[in-house]
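Novice: Could you have a look at this structure, given as C-alpha cells, before my questions?
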Amino acid sequence: MGFPSADWLVPPMAHLDEADVSAVLTERFGVTGTLHDLGSQQDRNYRVRTTTGEYVLKIANPAADPAALRAQCAAVEHLARTASGLLLPRVHRGIDGDVVQYLGMDEAEVAVRLLDYVPGEPIMDSRYLAPQVVARLGELAGRIAVGLADFEGVEQTRPRLWDLHNALTVIETLAPHLPDQRRAAQVLRAARAAYTQVEPYADTLPVQMIHGDVTDNNVVCETAPDGRRMPVGVIDFGDLGHGWTVAELAVTCTSVLHHHGAGPASVLPAVRAFHSLRPLADDELNVLWPLVVLRASVLVLSGQYDNLLDPGNGYVTDGLEREWAMFEAALSVPAEVMTAQLQDMLGRPAQTRVPTVEHRLVPALPDDVPALDLGVLSDELHAGRWLDPEAEITSAKGVLAAGRSAVRTGHGEFRLTRTTVDGMKPAETCALGVELYLTAPLEVRAPWTAMATRHGNNGVTLTADGLNLLLDGVDERIESGPVSAGQSLGTVTARQGVHVLTVQLSRLTGTGVHPPRFATPDLAAGWLAVCPDPTALLITPAMDSEDLSQQESGTLELLERRDRSFATVQEHYFEAPPRVERGWRHYLVDTQGRGYLDMLNNVTILGHGHPALSDAVHRQWQRLNTNSRFHYASVVEFSERLTGLLPAGLDTVFLVNSGSEAVDLALRLAWAATGRQDVVAVEEAYHGWTYASDAVSTSIADNPNALTSRPPWVHSVAAPNAYRGRHRGAQAGLYGPAAAARIRDLADQGHPLAAFVCEPYYGNAGGMALPDGYLRQVYEATRAVGGLCIADEVQVGYGRLGSHFWGFQQQGVVPDIVTVAKAMGNGHPLGAVITSRAIADAYRTQGYFFSSAGGSPVSSVVGLTVLDVLRDEELQANAREIGGHLKDRLMKLAERHSLIGAVHGSGLYLGVEFVRDRESLEPATEETAAICDRLRELGVIVQPTSDRQCVLKIKPPLCLTRQSADAFVDALDDVLTYGW
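FYI, the numbering used here numbers position 112 of the sequence shown as 233, with every residue one higher than the one before it.
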C-alpha cells in the first residue's frame, strides 16, 4: 500500500489537431474515413466511418505504457477464444504489423490503436435498469472473469488508479486537492471505514487479470423486442490489469447505483448472475460491498480532480452527479447489512449469536405474554383498520383491556400496519425489534454487564460483546456508564395510556449507526441478520414459536406447489408474482406488506374486503344456504331489483355462477326461442369458456386458433375498432352497415340468425366505444331476419362506464337478452341472464333449468348487497367523476410520450394503447408487458389486453379515489420517462 509519489496520477490529454489524427489513421493503418470524437476521461477516442466499415481509433494518454496497451489487445483476442459470442473490439494491425502505432505530439509520441467498432450503444444515461439488464451486466462480468482467469498479461510497471487495492491511497492523495472539502471529507471517512473491512482479507483474496471496468457505459447493447437495452459486448479495456477477481463484480455493481430508482438491492441480480458463472467465496462476499464503497469513492474524487484539471471536458463534468449518486447509494446501507443480504441470497445465511441472558430484561414479566398479530393475515385488521396510524397501539390496548397485563409484537414480522399505499416506493414493513405494551410501569434491568449510553429522552443503549441493546421507553434513572448484570435501568414509561418498551438488538457497534426500527422487504434478510431477535430477553420463547421473518420465504415454494397441483393452463399474472393475501377497497397487499394499487380488478366493483358485504354473507350463511328450488325471500328480492334496473320487457331472471354460464345460457335461450342455431359474433371478443360461450369467442389472445376453430354455426363480423380496424376515425360509421349486410347475406344463404352477441362497449379490445349507431343498425338487421340480440354486459355493466349503468344504454338500444356477472357478485361466483318472459318460457322445450348455487340465499344476498352499496356510495357517479379525471390526465400524458397511441374508454373502463409508431400503429406488445412488470415494482397492478396485447386494461374497483388515480398516472409517467 502506498506510492512513492503522486506521479501515477494521469494528466489530461492535450488538444489534438484532427488533421493530425486523420493523417496517422491513413499513414499508419491505411484507412481513410470521417472522425467523430467519442470523449474520454483521460484518452482520446474517435469513431471512424469508412465506405467499408467502422472503427474506433484510440489515442492513449502519454502516461500509458505501450506494453500494457499490447496486453489489452491480447486480452481481447484471448476472450474472443474463451468467451464465444461476446462482442469485443478486435484490434487491427498497422502497416508494419504492430498493433500499436505512434502519433507525434509536441515533444512526445502517443500510442495509437485501431479497433473494430462494436455495434450497439452503451448505457450512457441514468434511466432505470430492469433486473434482467442488471443480471446481464453481472453475467458479462462473470464471463470475462472466467475468460481471463488463465490470462497472464504483463507485469505492472506502475500502480493503477483504478486498482481497488490502491483505492485508499488514491483517495487520500486526491482529497486534499478538491475545492469541495465537505464532500471530500465525507468520502475520505467512508473509504477509510470500507478499507478496514477489506484489509483483513486483502492478501488472501483471489487475484487475476481483470477488465476492471465492466460498467453500464462500457458495454454495448442490443435493443430487445420489449425496448430494453440488453448488454451483449464489452469495450474499452483500458483498465485491464491484475486485481482481485471480486473487484470485477464490485465495479459492475457500483455502476448500477446511479440509475433511476436504484438502491443497494438493485445489484442483487448482477451478483447472482456473476456467482452462477464464477462462484464467490465467503471472503469475497465479505468484501464485496466495502469494495463498492471504495469504487464509488474513487469515482467521486477522481472525477472532481479531473474536472479541476480539465474543466472543459464534457465527458468528465457529465459524470460528476452520477458518481455522487453512486456514492450516496453505496453508503445508504451499512456494509454489514449488505454482506448479510448477499449471504442470504446465495444460501449462506449469517449465524446470529446473542450473549447468554444472565437476567431477565423485565423480571416481573410472565412467560405467557401473547403476541399481537400485525401481519398481512391478521384477523384483527380487517375493514382497513391497518391504515389507521394508531392501529398498533389500539390493538395492544384491546388485548390489555381484555385482562392481560402485557402484550408484545413479533420480531421479523412484515407488518400490515406499516404498509403504505399510493406510493412508488415500498414501505419499511419488516420489524427489526419488538415492542412490549404493559398496564403498569414495570422495572427494566440489564440482562448482562455492559456499557450504558443514554440516547433521546427515554432511551438507553447497552453495549457488550459486539452487540448493542437499544431500549426506548425507559425513564431516566441511570446515567451513561458501566452497568452490571441485573442492575436496574429504570421503569417503562407511559405513552397514550399504556406503558411501552421498544427493544432492539444491533451488531452495528462502533459504527455510530443506529438501525431503523423497520426495514424494506428487499433488504430485510440483511437487516435481520444484523438485528437479531430480542424476544428471549423478555420471555422464554416456545420451542415451536414461528419465525415470522421466514413467512415470505414460502412464496416461491407455494408457486411450485401451485404448478404441481393446479392446472398450469390456469395462468397467473406476472412471471414472478407477489403473494397477495390482503385486499381493501382498491388496494392489494402482499405477504411482505407491499401495498399495490389495483387498477385491474373489474370483478370487485365495490372494492376488496367491503364490510357490508362480508357482514351480510356471514349473517346469511349462519342462517341458511341452499338452492333456489327452495322458497325464500332473497332470490325474489334480488330478481326484482335486477329487472327494475332494466327497460320494460326485460322482466325475467335466470341466476347462474359466472359470465361463461350466463352467455352459454343466453345462446341456448336464443336457440330455443328461434329454433335456429346460427350466431353472429364480433371479432376480437371474449365471452367465456363453456362450449357455447367459447364458440362465439373470437379473440386470438385467449385462443390463437379462435378464428379457424369456430363451429360452422358461428359467423363473425369485423371488430368495430375505430382506432386501428378496417375503418378508422370518421370512416368507423361503415362498420354498422357492413355487419347488417353480413347478417342479411347469411339469411339469404339459408343461415338466418338465432342471435347476434356483442359487448355493447368493446371491452376485450381495450375499453373502446362502439361507433355511434352501430348496435341500432345491427339489432335492426338481426330482428329483421328473426334473430335475437344479446348484450354481454359481463365486463361493462353495473355503472362502470360512469355515464350509463348498462353499456347498451350508451348505444340507445334495448337488447332481447342481457348477460351479467363479475361485478354483480364483487368476486362471489354470481351471474345472471335477464330476458323477456316469452323467451324464458321457450327454454322449456329443452327441459328445465337449474343451477345449484345460482340464486342460492347467500348468492342472492351478495347480489342485493352489491346493488345497495353501488347506490348508497354513489359508485357510478364516482366512476364518472374519477374516470373523467383519470382519462384527462392520461390524455395529457399522451402529449408527452409518443408510445401512447390512444386512450380509450369511459368512466373506469379505460385502455391505454401503446404503439411503436403512431402512423403505422405497430403494436408495442413486448413493451406493454415490460411496462406492466415495472409498474408492479412501483406498486401498481395492471395487465395487457386486446388481441395485440398492447393495451393497458384499466378497470379498477369503482371506489377509486382521485389521489389513487393520480398515483397511477404518476407511476406510468415515471415508467415512460425513465424506462422499464
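Ideal placement from N, C-alpha and C gives every residue a C-beta, glycine not left out.
Compute the distance between the beta-carbons of residue 1036 and residue 1075, then report whether it is under 8 Å.
Specialist: no
Novice: Cα separation between residue 828 and residue 889?
Specialist: The alpha-carbon atoms of residue 828 and residue 889 are separated by roughly 21 Å.
Novice: The ligand ADP heavy atoms versus the CB of residue 1059: any closer than 7 Å?
Specialist: Ligands in the displayed structure: none, and consequently the ligand ADP is not present.
Novice: Cα-Cα, which of 830, 854, 834, 764 is closest to residue 840?
Specialist: 854
Novice: Can you grab the Cα-Cα spacing for the pair residue 1098 / residue 244, in whole Å?
Specialist: 15 Å
Novice: Just to confirm, are residue 455 and residue 629 a CB contact at a threshold of 8 Å?
Specialist: Between residue 455 and residue 629, the C-beta spacing is below 8 Å.
Novice: Enumerate in chain order the residues of its own chain whose CB-to-CB distance from residue 863 is below 6 Å, with the five nearest sequence positions on each side excluded.
Specialist: For residue 863, where only same-chain residues beyond five positions count, the Cβ hits under 6 Å are 838.
Novice: Please name the residue or residues paired with residue 1036 in a DSSP beta bridge.
Specialist: The partner list for residue 1036 (beta bridge, DSSP) reads 1044.
Novice: By the three-class DSSP mapping on this structure, what secondary structure does residue 920 have?
Specialist: coil
Novice: Once DSSP output is grouped into helix, strand and coil, what is the label at residue 972?
Specialist: coil
Novice: Would residue 922 and residue 1028 be called neighbours here (beta carbons separated by less than 8 Å)?
Specialist: yes
Novice: Would you report the Cα separation of residue 631 and residue 556, rounded to the nearest angstrom?
Specialist: 25 Å
Novice: Contact defined as beta carbons within less than 8 Å: I believe residue 519 pairs with residue 492. What is the distance between those atoms, to the nearest angstrom?
Specialist: Wrong, their Cβ atoms sit about 14 Å apart, outside the cutoff.
Novice: Pick out whichever of 636, 521, 651, 574 has its Cα sitting closest to the Cα of residue 618.
Specialist: 521
Novice: So, under 8 Å CB-CB, residue 977 and residue 627 are touching, yes? Tell me the CB distance rounded to an integer number of Å.
Specialist: So it is not a contact: roughly 56 Å between Cβ atoms.
Novice: Since residue 1074 sits in a beta bridge, which residues does DSSP pair it with?
Specialist: 1032, 1064
Novice: Pull up the distance between the alpha-carbon of residue 1101 and that of residue 869, whole angstroms please.
Specialist: 53 Å
Novice: Among 615, 419, 898, 945, which one has its Cα closest to the Cα of residue 289?
Specialist: 419
Novice: Determine the burial state of residue 154: buried for a count of at least 16 other Cβ atoms within 10 Å of its Cβ, exposed for fewer.
Specialist: The residue in question, residue 154, is buried, as its Cβ has 16 or more Cβ neighbours within 10 Å.
Novice: Between the segment 606 to 618 and the segment 633 to 649, do three or more beta carbon pairs fall short of 8 Å?
Specialist: Segments in contact, no.
Novice: Hey, is the segment 997 to 1016 in contact with the segment 771 to 781, meaning 3+ C-beta pairs nearer than 8 Å?
Specialist: Here the segment 997 to 1016 does not lie against the segment 771 to 781, with fewer than 3 beta-carbon pairs under 8 Å apart.
Novice: To the nearest angstrom, report how far apart residue 137 and residue 224 are at their CA atoms.
Specialist: One alpha carbon belongs to residue 137, the other to residue 224, and they sit about 10 Å apart.
Novice: Whole-angstrom Cβ separation of residue 1010 and residue 1022, contact assumed at under 8 Å?
Specialist: About 17 Å; that fails the 8 Å criterion.
Novice: Could you say which of 357, 348, 899 lies nearest to residue 341 if we only look at CA atoms?
Specialist: Just measuring C-alpha positions, the residue of 357, 348, 899 sitting nearest residue 341 is 357.
Novice: Is DSSP giving residue 445 helix, strand or coil here?
Specialist: helix
Novice: Please classify residue 139: does DSSP put it in a helix, a strand, or coil?
Specialist: helix
Novice: Residue 970 to residue 955, Cα distance in whole Å?
Specialist: Using only the alpha carbons, I get a separation of about 14 Å.
Novice: How long is the line joining the alpha carbons of residue 499 and residue 1056, rounded to whole angstroms?
Specialist: 27 Å
Novice: Tell me which residue opens and which closes the beta strand (DSSP E) that residue 611 is part of.
Specialist: 609 to 612
Novice: Can you give me the C-alpha to C-alpha distance between residue 1060 and residue 698, rounded to a whole angstrom?
Specialist: 13 Å
Novice: Please report whether the beta-carbon of residue 660 lies at a distance below 8 Å from any beta-carbon of chain B.
Specialist: You won't find chain B in this structure, because it holds only one protein chain.
Novice: How is the beta strand (DSSP E) around residue 342 delimited, first residue to last?
Specialist: 340 to 344
Novice: Reducing DSSP to helix, strand and coil, say where residue 814 ends up.
Specialist: helix
Novice: At what residue ranges does the segment 939 to 987 contain a whole run of the alpha helix (DSSP H), taking only runs of 4 or more?
Specialist: 958 to 963
Novice: Could you say which of 179, 163, 157 lies nearest to residue 170 if we only look at CA atoms?
Specialist: 157
Novice: Assuming contact is defined by CB atoms lying nearer than 8 Å, are residue 948 and residue 724 in contact in what I supplied?
Specialist: yes
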